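Everything in the sequence shown is counted per our numbering, starting at 18 for the first residue and increasing by one. Glycine included, C-beta positions come from ideal geometry on N, C-alpha and C. Predicted model only: the values in this text are computed from it and were never measured. Inspection log for the structure reproduced underneath, given as structure tokens.
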Amino acid sequence: MSPIPPVKWLFNRRRFVQLSLFASTLGLSLACSDNQAQSSPQKVLVIGAGIAGLAAARELQGQGFQVTVLEGRDRIGGRIHTSRTLGFPVDLGASWIHGITDNPIATLAKEWQIPILPTDFNNIILYNSQGNPISDRDFAVSYALYEQIRDRAASIAENSEQDLSIAAALQQVLAAQTLTPQQAQLIEWGLNSEFVTEFGADLESLSSWYADDDLEFDGGDYLFPQGYDQIITGLANNLEIQLQQKVTEILYSGSGVSVTTERETFTADAAIVTLPLGVLKSESIKFSPELPDNKQAAINRLSMGVLNKVVLKFPEQFWPQDYQVLGYLHENGPDFSEFLNWEFYSQEPALIALMGGSFAREIEQLSEEEIRSRVLRVLRRSYGDRIPEPESIIVTRWSQDPFAFGSYSHIAVGGDSGDRDLLAEPIGDRLFFAGEATSRDYPSTVHGAYLSGIREAKRLINR
């Protein structure tokens, strides 16, 4: 187990070919060992055209390697997905650059002159469960209490002899508190916003020791008003990318790899696997030989979170224009509680509801009409029954996406940050692994995925 880090979750947001055929065709031994290493590979397959795969392919191609990127979807980008079906761009997956100081994604945006805008999560209006705005005084008092409870829970977690879920640590504090209904609701809202939405996981799952064991760039959170896919398009320029090549099996040995898709088989000297953790956990792709036990165990221990969005385009704006975030307290359990005011960034009358964890998975089981009605019920409580119906709606269902099975990884109770290192370890010198889940320093982020792709490309080059 990795050393226990200081508890710092007090942050500010943020197959057709058979094995015998493969061996006979390539004349390969299936044992992977260091003494089988050949000359540096020249032909490389990158599995996945998300940002980790594109970064790896770009780095390798720049060093003279022959690179082919295989992507199962009919588009590039992976969990970065910009939709323009509403008449304006909106990101359905990753949205933010988290910290722009020295962040490689911010550097690319500047280099390619892609506009970005800051998000101030403190620029928020909160409504109580009756639909009325909460006064600044009431919010200040309740938020101070929230911070005290959070800090005490962090102290309990840090001094515990075993890893606790964040929920368990909090419960020890909350059991001794006497709260008004509004204070309890505001604390629940804060925990949902700061943890459940942030990690895409419930408090009962999140490890209090390791959930936030990472590094951060300074400089605030910035989004792309014209779409995150501008970064993806730039990275993909001049790369050989084959779409709709859904991988079914990866065969590897000390001399090379063979990757089979639903359409054909590709061979190469090496491969970089950038599959999301959710896909690895689903075991929908066969590895031959099977992955080493320690790597499979790390995959099993790491967890995949879900952050879903509901994008609503209205004929006109009826909510307060000057706030970037709209928050809503609820009396009876989870509901739509946090919206991004997209009109603030794009001058388009649209709201984006954000939801994580089990509530996000629950919403995926509802029809679009049921979701529309439920969202409107929340909004009408604050703005009246006469607000217009949305003209269009987009609902994401990331946990059901067969190319992702979730949004991004997190560490649950029973795991630790060393699992990310185990996932990142190459097998021999032919099979490499990248993606946000392999990034110990910057997990669950676009820049973490990007840097992991470059990391594995350099590891392959320097093997």
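For residue 85, the enclosing beta strand (DSSP E) covers residues 83-87.
For residue 245, the three-state secondary structure derived from DSSP is coil. Sequence-distant Cβ neighbours of residue 447 in its own chain, meaning closer than 8 Å and more than five residues away, are 49, 58, 269, 270, 271, 272, 273, 274, 286, 287 and 288. Remark: C-beta atoms of residue 340 and residue 361 approach each other more closely than 9 Å.
Distance from the Cα of residue 400 is smallest, within the candidate group 182, 147 and 74, for 147.
Taking 9 Å as the cut-off, the beta carbon of residue 69 is found closer than this to the beta carbon of residue 466.
By the CB criterion at 9 Å, residue 302 and residue 294 fall outside the cutoff. In the structure shown, the three-state DSSP call for residue 353 is coil. Residue 228 holds the alpha-carbon nearest to the alpha-carbon of residue 436 among 228, 186, 149 and 144. Within the same chain, Cβ atoms closer than 6 Å to the Cβ of residue 72 are found at 467, 470 and 471, the five residues on either side in sequence being excluded. By the 16-neighbour rule on beta-carbons within 10 angstroms, residue 172 is exposed. Distance check between residue 188 and each of 324, 166, 207 and 206 places 166 closest, using alpha-carbon atoms only.
Residue burial is scored here from C-beta neighbours: residue 350 has fewer than 16 other C-beta atoms within 10 angstroms and is therefore classed as exposed. Within the same chain, 335, 396 and 397 come within 7 Å of residue 404 by CB-CB distance, once the 5 residues on both sides are set aside. The criterion of a C-beta distance shorter than 9 Å is not satisfied by residue 110 and residue 89. Of all C-beta pairs linking the segment 221-241 to the segment 384-395, fewer than three are shorter than 8 Å, placing the two stretches out of contact. Classified as exposed, residue 379 has fewer than 16 neighbouring CB atoms from the shown chains inside 10 Å of its CB.
In the DSSP assignment, residue 99 forms a beta bridge with 108. Partner residues in the beta bridge of residue 135, as assigned by DSSP, are 239.
Between the alpha carbons of residue 438 and residue 458 lies a gap of roughly 10 Å.
As computed with DSSP, residue 267 is found in a beta bridge with 276 and 304. Assignment of beta-bridge partners to residue 367 by DSSP yields 330. For residue 443, the closest of 417, 473 and 206 by C-alpha to C-alpha distance is 473.
Boundaries of the alpha helix (DSSP H) harbouring residue 464: 463-478, taken from the DSSP string. Taking the Cβ atoms as the reference, residue 142 lies roughly 6 Å from residue 343, within the contact range of under 8 Å. From the listed residues 417, 359 and 463, the smallest Cα separation to residue 242 is found for 359.
Check the Cα spacing between residue 130 and each of 244, 337 and 384: the tightest is with 244.
When C-alpha distances from residue 445 are compared across 282, 477 and 432, the shortest belongs to 477.
Under the rule that a run must span 3 or more residues, the beta strand (DSSP E) segments found entirely inside the segment 369-414 read 409-412. Counting along the chain, the unbroken beta strand (DSSP E) around residue 257 starts and ends at 257-259.
Residue burial is scored here from C-beta neighbours: residue 79 has fewer than 16 other C-beta atoms within 10 angstroms and is therefore classed as exposed. DSSP, reduced to helix, strand and coil, places residue 283 within a strand of the structure shown.
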